[in-house]
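What the sequence shown shows, in numbering that gives the first Met the number 0, is residues 0 to 178, in sequence order.
No residue lacks a Cβ here, since even glycine has one placed at the ideal position from N, Cα and C.
Computed from a predicted model, the values in this text were never measured in an experiment.
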Amino acid sequence: MLDSFRRWLGTHAARYHFRAVRDPILSFRGAFTAARSALVVLPFDREPGPQLQELADALKTRFAQDHITVIAAEHQYDIGRLLPRSQVVRVPARDLTSFFLPRKDIVAAVTARQYDLAIDLNLDFVMPSGYICRVSGARMRVGYDRPGAEHFYNFIIKRKPGIGRERAYHRLAEFLRTF
């Protein structure tokens with residue numbers, strides 16, 4: 000009960016923080032083809048598994064690996080196999096505030112680089128990942144459809160109910176390869 004209230008409060012605090020920032024209207028095709036650097040937020044609730052390999056391969060084809068930054072939970076160790084030369088920023092639970100927002104050192108690590116594209120791979124809304132994507136300053140922020148997603152992402156992927164994680168990532172990889 001208290002956690003859900005803290006999440007609600009954190010979401011509203013983040014929305015208030017970004018209230019004055021308006022996104023320009025842009026073309027996904029134009030923004031994606033012009034993108035030179037990417038921020039990828041791995042699912043915080045599990046270790047990256049084989050279902051992410053196809054998506055990682057699509058990103059490696061599109062971007063130089065040293066232009067990809069990966070945001071991962073502190074318990075995720077298998078990132079080196081997915082994107083070996085990318086920069087990794089770990090988000091330990093102790094670096095989240097009481098309202099599930101990332102602390103200043105995490106925000107500073109994310110904003111130290113510029114990104115053209117931010118992709119959140121959490122299928123359910125996770126406050127830290129939404130906030131990180133928004134604060135990254137990426138021109139194109141991609142996330143999955145869930146309540147409140149429109150406040151953090153400017154390109155939202157609608158996923159049919161019942162489609163599993165593996166199928167959702169497969170479809171995203173196919174979509175990214177078309178550009």
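Asked: Burial state of T68, where buried means 16 or more other Cβ atoms lie within 10 Å; Found: buried
Asked: Distance, R28 Cα to A167 Cα; Found: 20 Å
Asked: Endpoints, alpha helix (DSSP H) assigned at T32; Found: 27–33
Asked: Where G142 falls: helix, strand or coil (DSSP); Found: strand
Asked: For P160: DSSP bridge partner residues; Found: Paired residue(s): none; P160 is not in a bridge.
Asked: 4-residue-minimum alpha helix (DSSP H) runs that sit fully inside the segment 62–144, ordered along the chain; Found: 78–81, 103–110, 126–134
Asked: Candidates P91, P83, D77, A63, of which the one nearest D104 by Cα; Found: P91
Asked: Bounding residues of the beta strand (DSSP E) (the contiguous stretch that carries L38); Found: 37–40
Asked: F154 - partner residues in DSSP beta bridges; Found: V141
Asked: Alpha-carbon to alpha-carbon, D2 and I156; Found: 27 Å
Asked: Under the three-state DSSP convention, the category R166 falls into; Found: helix
Asked: Distance between G142 and R4 (C-alpha atoms, nearest Å); Found: Note that residue 4 corresponds to Phe in the displayed sequence, not to Arg. Taking the straight line joining both Cα atoms gives about 23 Å.
Asked: Whether I70 touches I131 by CB criterion (8 Å); Found: yes
Asked: Contact set for H169: own chain, Cβ-Cβ below 7 Å, skip 5 residues either direction; Found: E53
Asked: Spatial distance of E149 from R84 (CA atoms); Found: 32 Å
Asked: Contacts around F187, its chain only, beta-carbon distance under 7 Å, and the 5 residues preceding and following it disregarded; Found: Because the chain is modelled from 0 through 178, residue 187 falls outside the range shown and cannot be assessed.
Asked: Buried/exposed call for F31, threshold 16 Cβ in 10 Å; Found: buried
Asked: Cα-Cα separation, R176 to A57; Found: 6 Å
Asked: Three-state class that DSSP yields for D56 in the structure shown; Found: helix
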